[in-house]
Amino acid sequence: MDLFPLWNSIRIALISTVAVFFIGIWSAYHISKASKEIKGIMDVLLTLPLVLPPTVVGYLLLRILGPQRIVGEWFLTNFDFKLTMTWWSAVFATVVVIFPLMYRTARGAFESFDETLAYSAQSIGLSDTFVFWKIRMPYCRPGIIAGTILAFARALGEYGATSMIAGFTPGNTATIATHVYQLWRTNNDELAFQWVLVNMLISFVVLFALNLIESQYKSKNNVKGGV
Amino acid sequence: MSISVDIEKNLGDFRLQVNFTAENEVLALLGASGCGKSMTLKCIAGIEKPDKGRILLDGVTLFDSEKNINLTPQERHTGLLFQNYALFPNMTVKENIEAGARREKNLEKRKQIVGSIITNFGLQDLLTSYPHQLSGGEQQRVALARMLVSDPKILLLDEPFSALDSHLRFRLEQEVRDLIRSFGKSVILVSHDRDEVFRLSDKICVIHNGKVETIGTKKEVFANPKTRQAAVLTGCKNISPIDRISDQKVIALDWGIELELNEKIGEAKYVGMRMHDLCMDAGENTFDCQVVEIIENPFSYTIMLKAQADAQAFGWEVNKETWQQIASEKIKIGFPKGKIILLNE
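Chains as they are written, first to last, in this note's numbering: chain A, 68 to 294; chain B, 1225 to 1569.
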């Protein structure tokens, strides 16, 4: 069993998750502070990839990143760098698809933050940087961790947009998801089933970790002092 | 040393427009929820920005729209206390208090002031606890310690007790009262509770719909609230619109009775009478009333009375023993001239 698809899937998922971790938190923080109108519009735009079919996302990405399209062509002529049909192309697709998961959970966490903590902190002289990193982020940590794990899990399972923008090249762009499809299509049922088991195992572990973190957080917060 | 506030802010459905000053005293902003009193506090702390106006604290301009001055909350040195105490949940008691002392850059000195505040507030045994492990009273003590260690020039207390049970409220109120007495600088207390305001403050500013209705010493404001809303907020429950008969005589329209006054009616549109100020031996303004309802309170009765069958009832608060002696369906009740409050809209 050639393990390349496993390694490739994990590599793509990790890179995408790290990228989305920062972009997602950044957008979530700023949009949770924005005015109602901006929030309404940005929220729809940023959540769109969650409800669009992955093929539509893939199509739109190809229209932007394809070798004859505006961004793709620019990279190709200036850096001799191909944005589609390589393993890193899958990163673009995955980032777009998992972004809403990170963004929405992080935004939920930021919005549940008790602003009186920030007000009190500022009035006793703590800098806004201190407030963000030492008070706001720790308070929102469980939500952010949950969003990260969810995004990672979804990244591992990304198929539609990836297959359109990265295609299926064994040993180069193959991921578990595209590999399973290829094996099934070529009647290699037994190997396909093995990969299905691998995928299920990973997803199980990831979701189990997610529940563990959530229940830990809950039990910690239920300990309220009596009066 | 004083605070002077004169600000305006548009808040969509209403306009906040407040103007008051306070010396080294406790000023209470009394108002119903949504009247703008908490917003005023946030403007002083620098969390919200007024559209127009000026805020001066001890001669330092915190905000001036004309001169384009708007100090950050960090630069203002205000001590904010919220009803939930806003202790940082991820930090221990010690870390919470140390966070309050970070303005002091000299580490030796910082350690020293943290140490002395811990001793003053008796927090030695709680240092490694997290806020959620503390009782309400302990949380308040930590919050007060954290606030004071940051060297505030003014204390801003936003409904500090409204989330508490009444027995605990009383005890914590005493702690806060001791603290603001020894603080010796300006304190602004936001509250909707007239009893709490009366016990804690020197001066009261009644705010309604974003505007200052009445301001004065607490005795003045309770004796002469001036406006109908201020009377309601200071706990006056019997209020009726009036028609003028002569300079010192009016008809209270809701109750259908004629009242003689001590002072001239002036611009007044209403009269108010506190429930406990009605009495049976007034000798003036007395009326034969029908008892329409008897409401039992823990230590008193509220007797609802009608002077005329088609009029509205007013309430008389009377202690239990007195009522048990009288207890009848018809009684003669008087509105003492000196207790009648004349009110504007």
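For each residue, glycine too, the CB sits at the ideal point set by N, CA and C.
- Within the same chain, Cβ atoms closer than 8 Å to the Cβ of A/M152 are found at I232, A233, G234, T236, T240, the five residues on either side in sequence being excluded.
- K1266, A1269, G1270, I1271: these are the residues of the segment 1243 to 1274 of chain B whose beta carbon lies less than 8 Å from some beta carbon of chain A, given in chain order.
- With respect to chain A, the C-beta atom of B/R1395 has no partner C-beta closer than 8 Å.
- Separation of B/F1523 and B/I1489 (C-alpha to C-alpha, rounded to the nearest whole angstrom) is 35 Å.
- A contact between stretches requires three or more CB pairs, one per stretch, nearer than 8 Å, and the segment 1371 to 1380 of chain B meets this requirement with the segment 1409 to 1419 of chain B.
- For B/W1479, same chain residues with a beta-carbon under 7 Å away, outside a window of 5 residues either side, are S1464, A1531, A1535, Q1536, F1538 in chain order.
- Contact check for B/V1430 against B/L1254 passes: the beta carbons are separated by less than 8 Å.
- B/M1504 does not reach chain A, its nearest Cβ partner there being about 43 Å away, counting only Cβ pairs nearer than 8 Å.
- When only Cα atoms are considered, B/L1265 and B/F1407 end up about 19 Å apart.
- At the C-beta level, B/G1277 and B/D1230 come within 8 Å of one another.
- With a 10 Å radius around the Cβ and a threshold of 16 neighbouring Cβ atoms, A/G227 comes out buried.
- Around the C-beta of A/M169, 16 or more other C-beta atoms lie within 10 Å, and the residue is accordingly described as buried.
- By the neighbour-count criterion, in which a residue is buried when 16 or more other Cβ atoms sit within 10 angstroms of its Cβ, B/G1346 is exposed.
- Assignment of A/W93 by DSSP, reduced to helix, strand and coil, places it in the helix class.
- Setting aside the 5 residues that flank it on each side, B/L1403 is surrounded in the same chain by L1368, each with a C-beta closer than 7 Å to its C-beta; the list follows chain order.
- In terms of beta-carbon proximity, B/F1306 lines the interface with chain A, with at least one pair separated by less than 8 Å.
- Pairing A/D181 with B/N1462, the inter-Cα distance amounts to about 40 Å.
- Contacts with chain A (Cβ-Cβ distance below 9 Å) from the segment 1366 to 1386 of chain B involve A1367, R1370, M1371, V1373, S1374, D1375, P1376, L1380, D1382, listed in chain order.
- Looking from the CA of A/F260, the closest CA among A/V162, A/S156, A/V247, A/K201 belongs to A/V247.
- Closest option to B/R1395, judged by alpha-carbon separation, among B/E1362, B/R1418, B/F1422: B/E1362.
- Of the residues assessed, B/E1520 falls on the exposed side of the cut-off, its CB having fewer than 16 other CB atoms within 10 angstroms.
- Close to A/G192, with beta-carbon spacing below 7 Å, are these residues of chain B in chain order: Q1298, R1326, R1327, S1374.
- A Cβ-Cβ distance of about 6 Å is found for the pair B/V1373 and B/I1337, placing them in contact under the 8 Å criterion.
- The way I'd put it, the segment 155 to 172 of chain A doesn't touch the segment 1270 to 1290 of chain B; fewer than three beta-carbon pairs between them come closer than 8 Å.
- Distance from the Cα of A/Y206 is smallest, within the candidate group B/A1325, B/I1341, B/P1313, for B/P1313.
- DSSP places B/N1248 in the coil class of the three-state scheme, outside both helix and strand.
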